[in-house]
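Worksheet for the structure shown next.
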Amino acid sequence: MKGYFGQFGGQFVPELLIPPLVELEEAMAHFLPREDFQAELEDLLNNFAGRVTPLTYCPAISEQLGLRLFLKREDLLHTGAHKVNNTLGQGLLAKKMGKKNLIAETGAGQHGVATAAAAARLGMKAKVFMGSIDVERQSANVERMSMLGTEVVPVEDGTQTLKDAINETLRYWIAHQADTHYCFGTAAGPHPFPELVAHFQSVISREARAQMLESQGALPDYVVACVGGGSNAIGMFRNFVDDRDVKIIGVEAAGTGEPGCYNSAPINLGRPGVLHGQISMLLQDEAGQVLPSHSISAGLDYPGVGPEHSHLHSIGRVRYDMATDDEALQACQLLSRAEGIIPALESSHALSWVVKNAAEIKGATVLLCLSGRGDKDMDIIRGAMDERRERNKQ
Ligand SMILES: Cc1ncc(COP(=O)(O)O)c(C=O)c1O
């Protein structure tokens with residue numbers, strides 16, 4: 007069915023949001039296949055954002071773990087994460103549609119900064135909604151958005167994180183749809199956003215697959231990515247899904263990992279439900295109320311997940327595991343010290359899966375999506391390390 011991945015997806019929105027979603031779907035059908043659109047986007051991706059991103063072999067960790075680890079370096083992109091692949095794509099599409107303004111939600115601030123940069127580059131105005139807890143824990147990114155000329159609107163509702171920022175952005179879009187495009191930041195939300203975002207992010211696996219074949223003469227045994235809403239992961243998975251010998255792993259955030267504590271792992275610990283215009287795996291209580299999520303990484307702190315991931319899980323094509331806050335911190339430290347690369351805490355969740363499962367996958371070639379760099383997380387990492395030192399003293 008249109009807009010569905012198996013039983014997941016759809017368009018569960020108020021009637022007032024149907025016209026802009028239909029307009030967007032029509033614009034996708036019109037512009038995305040056009041060669042001039044593709045050439046313009048490729049120019050932006052290569053000469054503004056810094057594609058093609060390298061494939062980096064990690065000699066020290068590979069030796070330590072007894073496997074071969076390659077990183078797809080989305081952390082090297084302009085603005086520091088994979089998010090810019092999507093914002094340049096959607097920004098360009100919106101401009102072709104005659105829209106003057108971009109609005110966006112953001113959690114870690116990476117999508118907000120990427121939207122702000124795309125808007126500035128494309129001569130558009132941007133407004134970014136951000137939960138007030140995230141405004142505090144990702145303050146460096148708030149400053150970057152302001153510097154780029156974007157207005158940041160703190161959202162005080164609910165858990166004051168990504169879920170509430172999305173609610174507020176959808177509300178604003180209803181009233182401003184004539185001249186405004188909602189630049190959705192992850193491969194979730196009502197149809198056609200999951201397809202649109204996956205389309206723009208699949209450049210990650212298109213490049214990585216070709217790079218593996220060219221440099222190694224073979225595909226990897228494992229492809230691994232962290233899963234928040236699911237955009238870097240679906241971008242990394244898309245071009246490997248048909249390669250049946252490639253095992254694909256998505257890593258959700260288990261939060262503190264203590265039983266009964268909040269987490270951000272809807273595929274592992276949730277069940278199907280409706281949030282933000284889609285049916286997908288969702289953290290919810292017995293009555294169907296959405297549960298608050300928790301992760302040390304703001305970008306994974308979301309109770310839902312994109313519908314394509316729920317589908318890939320349900321058909322058994324992708325294995326979804328979890329990593330705790332502590333495991334992610336340790337992986338972050340490992341990559342920094344062993345390889346000279348400070349990863350985002352989001353991407354560190356994916357790396358921690360490789361560390362934890364090294365014995366099981368001994369000798370394997372592993373391709374990991376390094377979705378972003380860790381500069382934005384330095385305060386959180388310092389705070390967590392101090393806390394751990396205090397705990398060990400007691
Ligand atoms: C570096 C990084 N990785 C991963 C994510 C998670 O988002 P997604 O699951 O859409 O890739 C974020 C979100 O902000 C991010 O900043």
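Residue numbering for the sequence shown follows my numbering, starting at 7 and increasing by one per position.
Where is the CB? At the ideal position from N, CA and C, for every residue including glycine.
Which residue wins for smallest C-alpha separation from Gly378, given the options Ile210, Arg74, Leu225? The residue from Ile210, Arg74, Leu225 with its alpha-carbon nearest to that of Gly378 is Ile210.
Should Met151 go down as buried or exposed, given a rule of 16 or more other Cβ atoms within 10 Å for buried? Met151 is buried by the Cβ-count criterion.
Tell me whether Gly104 counts as near ligand 1, meaning its Cβ is closer than 7 angstroms to at least one heavy atom of that ligand. Gly104 Cβ: outside cutoff for every heavy atom of ligand 1.
In its own chain, which residues sit with a C-beta less than 8 angstroms from the C-beta of Asp381, not counting the 5 before and 5 after it? Contacts found: Gly86, Ala146, Ile348.
Between Thr371 and Gln222, which are expected to be in contact by the criterion C-beta below 8 angstroms, what is the C-beta distance as a whole number of angstroms? With a Cβ gap of about 7 angstroms, Thr371 and Gln222 count as contacting.
Let's test the definition: count the other Cβ atoms within 10 Å of the Cβ of Ile24 and tell me whether it reaches 16, buried, or not, exposed. The residue is exposed, with fewer than 16 neighbouring Cβ atoms inside 10 Å.
Measure the beta-carbon distance from Gly15 to Pro313 and round it to whole angstroms, keeping in mind my assumption that it falls under 8 angstroms. About 4 angstroms; that satisfies the 8 angstroms criterion.
Alpha helix (DSSP H) containing Val360: first to last residue? Element bounds for Val360: 351 to 362.
Rounded to whole angstroms, what's the CA-CA distance from Phe243 to Ser208? Just pull it up for me. Their backbone Cα atoms lie some 8 angstroms apart in a straight line.
Would you check if there are 3 or more beta carbon pairs closer than 8 angstroms linking the stretch 39 to 58 to the stretch 333 to 353? Between the stretch 39 to 58 and the stretch 333 to 353, the count of Cβ pairs shorter than 8 angstroms is below three; the stretches do not touch.
Cβ pair Gly104, Ala110 closer than 8 angstroms: Taking the C-beta atoms as reference points, Ala110 is found no nearer than 8 angstroms to Gly104.
Residues bridged to Gln116 [DSSP beta-bridge criterion]: Partner(s): none; Gln116 has no beta bridge.
Answer yes or no: the CB of Leu77 versus the heavy atoms of ligand 3, is any distance below 7 angstroms? Absence of ligand 3 from the depicted structure is noted, with ligand 1 being the only ligands included.
List in chain order: all unbroken alpha helix (DSSP H) runs of 4+ residues lying wholly within the stretch 137 to 193. Runs found: 138 to 143, 145 to 153, 168 to 182.
Quick one: residues in its chain with C-beta nearer than 6 angstroms to the C-beta of Lys115, no 5 flanking neighbours on either side, listed in chain order? For the record, residue 115 in the displayed sequence is Gly; it is not Lys. Gln144, Asn147, listed in sequence order.
Buried or exposed, going by whether 16 or more other CB atoms sit within 10 Å of the CB of Asn398? With fewer than 16 other CB atoms across the displayed protein chains lying within 10 angstroms of its CB, Asn398 is exposed.
Determine which residues share a DSSP beta bridge with Arg277 and list them. According to DSSP, Arg277 bridges with Leu288.
Name, in chain order, the residues that DSSP records as bridge partners for Arg325. Here Arg325 is bridged, per DSSP, to Ile255.
So does the stretch 312 to 326 actually touch the stretch 123 to 133, counting three or more Cβ pairs closer than 8 angstroms? With a cut-off of 8 angstroms, the stretch 123 to 133 and the stretch 312 to 326 do not count as touching, because too few Cβ pairs lie within range.
Closer than 8 angstroms is the cut-off here; do at least three beta carbon pairs connect the stretch 160 to 179 with the stretch 132 to 143? Judged by Cβ distances under 8 angstroms, the stretch 160 to 179 makes contact with the stretch 132 to 143, as three or more pairs qualify.
Are there 16 or more other CB atoms within 10 angstroms of the CB of Ala304, so buried, or fewer, so exposed? If you draw a 10 Å sphere on the C-beta of Ala304, you find 16 or more other C-beta atoms in it, and that means buried.
By how many angstroms is the C-alpha of Ala224 removed from the C-alpha of Leu281? Their backbone Cα atoms lie some 40 angstroms apart in a straight line.
Taking just the CA atoms, how far does Ala364 sit from Glu69? Rounded to the nearest angstrom, the two C-alpha atoms are 11 angstroms apart.
Any heavy atom of ligand 1 closer than 7 angstroms to the beta-carbon of Asn53? Because no heavy atom of ligand 1 lies under 7 angstroms away, the Cβ of Asn53 does not count as near it: no.
Between Val230 and Tyr326, how many whole angstroms is the CB-CB distance? I'm expecting something under 8 angstroms. Their Cβ separation, rounded to whole angstroms, is 11 angstroms, which puts Val230 and Tyr326 out of contact at 8 angstroms.
Taking Leu128 as the reference, give the member of Glu46, Pro265, Val361 with the closest Cα. Restricting attention to Glu46, Pro265, Val361, the CA atom closest to the CA of Leu128 is found in Glu46.
Please classify Arg74 as buried or exposed, where buried requires at least 16 other C-beta atoms within 10 Å of its C-beta. It counts as buried.
For ligand 1, I want to know if Ala123 counts as a neighbour, meaning its beta carbon is within less than 7 angstroms of at least one of the ligand's heavy atoms. Not under cutoff, so the answer is no.
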